[in-house]
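Here the structure is laid out as structure tokens; the discussion comes afterwards.
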């Protein structure tokens, strides 16, 4: 978790801006997600990933009151923004 609360479209837009090429959010279709995962991992694992993804879609990852503050206090540093995270991940 960071200081940003983003949905799938916003995360894709951040990647698109960073990479300078189209990045499209794949949507919330659990059937397609599971089928895609099953292309490169065991089917049982793809199913488990689907269950996890369905929970993210149904309940979200919205921080509750005080979550951000606790996550700054625990490591003793500011949270990284999503942009900072993907920049490091992309090796930019």
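In this note's numbering, the protein residues as written are 10 to 101.
Heads up, the beta-carbon is just placed ideally off N, CA and C, and yes, glycines get one too.
Please read these numbers as outputs of a predicted model, since none were measured by experiment.
#1: Can you give me the start and stop residues for the alpha helix (DSSP H) that residue 98 sits inside?
#2: If I'm right that residue 13 touches residue 90 with Cβ under 8 angstroms, what's the distance once you round it to whole angstroms?
#3: Between the region 53-62 and the region 71-91, can you find at least three pairs of beta-carbon atoms closer than 8 angstroms?
#4: Go ahead and label residue 49 buried or exposed: buried means 16 or more other beta carbons lie within 10 angstroms of its beta carbon, across all protein chains shown.
In brief:
#1: Start and end: 91-99.
#2: Between residue 90 and residue 13 the Cβ distance is about 6 angstroms, and since that is below 8 angstroms, they are a contact.
#3: With the cut-off at 8 angstroms, the region 71-91 and the region 53-62 do not touch.
#4: Exposed, since its Cβ has fewer than 16 Cβ neighbours within 10 Å.
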